[in-house]
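*Asks:*
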């Protein structure tokens, strides 16, 4: 798909409608509410895990819908994956030092 | 030969630019002019760093004070490192030859973001000037070593902040270049040039560009945090405030290890360009070399803590990083096998470009092998922070990338400047530089193994013989460098005009005039074959190979 | 030569490559992701080392203000996304209004931040303060990270506002319009990243307990 040059804008004519954007926003607000509510419960070690999971879900929504990633060429999703994987590797390998002290 | 119409258009030096004179250069968005701007400014910084190296070697001729005080020596090795690394070797090949050659090699008329390209150069010059200015500000030049380890970099009263800000700006320049190249390679290849018809230098630039984009921000934030800590006293790495200096080292090397792959990958790409031309053979194992560039970029991001084996990490961490370090040598070795296989039974033309590349192969192998040794935990304990390490990285960065740069200079000089240089002085310079380099750095490996610590101003008498040999080597090396650059400078004025394709290369840059016209190609070519099609030269039947 | 030059210029306009421009902006976003990612690594290591002290220190942050700021930023992401939808539909004034709304929300975020930080300073919680130096290391590290990370984030909010300001000028002038608006998309993408960073900052600093 990237072999020929796109004339004009290469713009995708589909994408979300106003309503769909608002729906996603409401979802994000709901997830925020859930995170705050959960913080009031004593989940111990699991609090950080649930908080990060919820944050990741919110991020996925923002990436795919607000940032249009779902509708872009597959190459963009591969790029995002590579970038996130790189950061994850930095985290994990650093913790191979700290977690085993 | 060149397209007749493109030969009629004036070369890019002689077009009418919006501004005249020097402004026509420093405000130009033409990738070819930007490549040359980088080359000139880089050579200034390189020369200063060489002089500092020369002075360092003079100081080390004898134990104790020889020509300077200890504090001065500390600033010398700090500045030599900062300049060579951030102002020469990291930008090096991509900024000069990547900028000049990438659009030509893929059949494009420029990079995707020409104005961003100019900004990259401006950032480069700004960072360089700031680094030099830091020498003269009150407080004196930074004396932390180019690695800026905490807590000393938080405590020292020298100009660490300007040096770090300079490095930050230079990192930004590097990021923008990488971003530009990735976009260019994805979007501007000539019709018909699929990924596996690209020249291997382009594969190298592509892999390097990803490392530039993804790894450089880490050094950005790390330096920023130290600056914030120095200025505001925020507790981040300072152990008296609970900070962890080893964490600084992790973050520093998360960038600075991949940085060495930013340095070497383009050099490996240059080797893959030069060997087919001067062996009149298509490259052996094109796909292996292409994939190995990607593999080096990937694996190279996983090994950083092998710079930290002696600081007290967990055993598990050390085992894993040691194992990963072994793995990263494999793709590099694959390249060496493929190059040697290309040379074998080729029709070798021993011109200057190939000579530098042959030195590269041997020196890079020595450097790579000593790197493997350093990856072995049991060896590392003894040689960490000795001259063995200094020898290793000079073999790969200088004996490797540096020589690849010299090879690239001699290979692409006719294309960039439209002149041929005199061949005999070029060969003589090659000989002196190779001999000088090895006489300078081989003793480092020996005395490092025997225990000579790095960054030390003084030393025990048993090491003196090695230091003397090294310093003499530095004089031979510098003589060779002088002959090399004078030869090329003279050629700018008095060299015979170069044809479009003096070496018989098969990549696209050789199809346009020397020097190229402003927009490179009169019409964008349509690509049907791969980049190293020497089949017309091959007389050896297939089964013999 | 001049015919060649003007032909090249015409060719350039005909072959504007928005996909390429988008590649460029996404790559830039990756650098921002990794820039902040480095600080998150520092946070993770220190939290792992001082879990109790991080917990204690976090209690001193105002969860309500943090939640309000989160809602503000999420809403600002909505408005900027809607502004792109609007320009795609050719509804220029609506687009301009929505970008303006994004700016207002961003300003509100910064105002909240300003009050948060001033309150902390008035309590003696700032780098190198006597109060700070009396605290255990884990708390010093927590607040160091708090000021640095939210500070760098706020700087990016300010930069984002400047970028959106330029967008507003371009929309008003018509250089961003229905057929040519990749720049607005780029600005929007940058803004969403600023939002994403806060999405992670919020629970890690405000919701530790």
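Chains as they are written, first to last, in this note's numbering: chain A, 1 to 101; chain B, 1001 to 1545; chain C, 2001 to 2209. For each residue, glycine too, the CB sits at the ideal point set by N, CA and C. Quantities reported herein were computed from a predicted structural model and do not represent experimental measurements.
Alpha carbons only, please: which of B:1184, B:1283, B:1173 is nearest the one belonging to residue 1530 of chain B?
*Replies:* Taking only the C-alpha atoms, the option nearest residue 1530 of chain B is B:1283.
*Asks:* Kindly identify the DSSP beta-bridge partner or partners of residue 1529 of chain B.
*Replies:* DSSP lists no partner for residue 1529 of chain B.
*Asks:* Consider the Cβ of residue 92 of chain A: report whether some Cβ of chain C lies at a distance smaller than 8 angstroms.
*Replies:* So, not an interface residue.
*Asks:* Listed from N- to C-terminal order along the chain, which residues in the segment 1040-1055 of chain B have their beta-carbon within a distance smaller than 9 angstroms of any beta-carbon of chain A?
*Replies:* From the segment 1040-1055 of chain B, no residue has a Cβ closer than 9 angstroms to chain A.
*Asks:* Give a yes or no on whether 8 angstroms exceeds the smallest Cβ distance from residue 1115 of chain B to chain C.
*Replies:* No, because no Cβ of chain C sits closer than 8 angstroms to the Cβ of residue 1115 of chain B.
*Asks:* Quick one: list the residues of chain C neighbouring residue 1233 of chain B, beta-carbon separation under 8 angstroms, in chain order.
*Replies:* Within 8 angstroms Cβ-Cβ: 2127, 2128.
*Asks:* In whole angstroms, give me the CA-to-CA distance for residue 1456 of chain B and residue 1431 of chain B.
*Replies:* Between residue 1456 of chain B and residue 1431 of chain B, the C-alpha separation is close to 31 angstroms.
*Asks:* Taking all protein chains shown into account, do 16 or more other C-beta atoms lie within 10 angstroms of the C-beta of residue 1183 of chain B, making it buried, or fewer, making it exposed?
*Replies:* Its Cβ being crowded by 16 or more others within 10 Å, residue 1183 of chain B is buried.
*Asks:* Taking the CB atoms as reference points, tell me whether residue 941 of chain B and residue 1225 of chain B lie closer together than 8 angstroms.
*Replies:* Absent from the structure is residue 941 of chain B, since the part of chain B shown begins at 1001 and ends at 1545.
*Asks:* Quick one: residues in its chain with C-beta nearer than 7 angstroms to the C-beta of residue 1156 of chain B, no 5 flanking neighbours on either side, listed in chain order?
*Replies:* Result list for residue 1156 of chain B: 1143, 1144, in chain order.
*Asks:* Could you give the first and the last residue of the continuous alpha helix (DSSP H) run that contains residue 1387 of chain B?
*Replies:* 1387-1396 is the span of the alpha helix (DSSP H), which, as asked, contains residue 1387 of chain B.
*Asks:* Among B:1517, B:1442, B:1051, which one has its Cα closest to the Cα of residue 1370 of chain B?
*Replies:* Per the Cα distances, B:1442.
*Asks:* Does residue 2085 of chain C come within less than 8 angstroms of chain A when only Cβ atoms are used?
*Replies:* Yes - at least one Cβ of chain A is within 8 angstroms of the one on residue 2085 of chain C.
*Asks:* What is the DSSP secondary structure of residue 2195 of chain C, counted as helix, strand or coil?
*Replies:* Residue state, collapsed to three classes: helix.
*Asks:* Quick one, which of B:1110, B:1297, B:1244 has its alpha-carbon nearest residue 1256 of chain B's?
*Replies:* The candidate whose alpha carbon is nearest that of residue 1256 of chain B is B:1297.
*Asks:* Which ranges does the alpha helix (DSSP H) cover as unbroken runs of at least 4 residues, wholly within the segment 1264-1319 of chain B, from first to last along the chain?
*Replies:* Runs found: 1286-1299.
*Asks:* Considering only residues of the segment 1035-1080 of chain B, which uninterrupted beta strand (DSSP E) runs meet the minimum length of 3 residues and lie entirely inside it, listed in chain order?
*Replies:* The qualifying runs do not exist here; there are none.
*Asks:* What is the residue span of the alpha helix (DSSP H) that residue 1219 of chain B lies within?
*Replies:* Start and end: 1200-1232.
*Asks:* Which residues in the same chain as residue 1285 of chain B place their Cβ atom closer than 6 angstroms to its Cβ, once the five residues preceding and following it in sequence are excluded?
*Replies:* Excluding residues within five positions, the ones whose Cβ falls inside 6 angstroms are 1338.
*Asks:* With a cut-off of 8 angstroms, do at least 3 Cβ pairs link the segment 1341-1353 of chain B to the segment 1291-1311 of chain B?
*Replies:* Cβ pair count under 8 angstroms is below three, so no.
*Asks:* Using 8 angstroms for Cβ pairs, my map puts residue 1292 of chain B next to residue 1266 of chain B. What's the rounded Cβ distance?
*Replies:* At roughly 14 angstroms, the Cβ-Cβ gap does not stay under 8 angstroms, so residue 1292 of chain B and residue 1266 of chain B are not in contact.
*Asks:* Per DSSP, residue 1011 of chain B is paired with what?
*Replies:* Partner(s): B:1517.
*Asks:* Can you list, in chain order, the residues of the segment 1162-1192 of chain B whose Cβ is nearer than 7 angstroms to any Cβ on chain C?
*Replies:* Residues 1175, 1179, 1182, 1183, 1186, 1187.
*Asks:* Does the Cβ of residue 2206 of chain C have 16 or more other Cβ atoms within 10 Å, making it buried, or fewer, making it exposed?
*Replies:* Buried, by the Cβ-count rule.
*Asks:* Step through the CB atoms of chain A and report whether any lies within less than 8 angstroms of the CB of residue 2195 of chain C.
*Replies:* For residue 2195 of chain C, the answer is yes, since a Cβ of chain A falls inside 8 angstroms of its Cβ.
*Asks:* Is there contact here, the segment 1233-1247 of chain B with the segment 1172-1181 of chain B, by at least three beta-carbon pairs under 8 angstroms?
*Replies:* As far as the Cβ criterion goes, the segment 1233-1247 of chain B does not touch the segment 1172-1181 of chain B, which means the pair count is below three.
*Asks:* Helix, strand or coil for residue 1414 of chain B, going by three-state DSSP, please let me know.
*Replies:* Three-state result, residue 1414 of chain B: helix.
*Asks:* Confirm, please, whether the CB-CB distance from residue 2141 of chain C to residue 2046 of chain C is below 8 angstroms.
*Replies:* Yes, these two residues count as a Cβ contact at 8 angstroms.
*Asks:* Out of A:94, A:76, A:89, A:64, point me to the one whose CA is closest to residue 25 of chain A's CA.
*Replies:* Closest option to residue 25 of chain A, Cα to Cα, is A:64.
*Asks:* Whether or not the segment 1487-1500 of chain B and the segment 1404-1419 of chain B are in contact is what I'm after, with contact meaning three or more pairs of Cβ atoms, one per stretch, closer than 8 angstroms; do they touch?
*Replies:* The segment 1404-1419 of chain B vs the segment 1487-1500 of chain B: in contact.
*Asks:* Measure the C-alpha to C-alpha separation of residue 2015 of chain C and residue 1120 of chain B and round it to an integer number of angstroms.
*Replies:* Those two C-alpha atoms are separated by around 24 angstroms.
*Asks:* With burial defined as no fewer than 16 other Cβ atoms inside 10 Å of the residue's Cβ, what is the status of residue 46 of chain A: buried or exposed?
*Replies:* With fewer than 16 other Cβ atoms within 10 Å, it is exposed.
*Asks:* Using DSSP's beta-bridge definition, name the partner residues of residue 1497 of chain B.
*Replies:* DSSP output for residue 1497 of chain B lists B:1419 as bridge partner(s).
*Asks:* Quick check: what's the CA-CA separation for residue 1065 of chain B versus residue 1171 of chain B?
*Replies:* Each residue's alpha carbon lies about 36 angstroms from the other.
*Asks:* Quick one: using the 10 Å Cβ neighbour count with 16 as the cut-off for buried, is residue 1426 of chain B buried or exposed?
*Replies:* Result: buried.
*Asks:* Among residues of its own chain, excluding the 5 on either side of residue 1429 of chain B, which ones have a beta-carbon nearer than 7 angstroms to its beta-carbon?
*Replies:* Once the five neighbours on either side are set aside, the close Cβ partners of residue 1429 of chain B are 1480, 1483, 1484, 1487.
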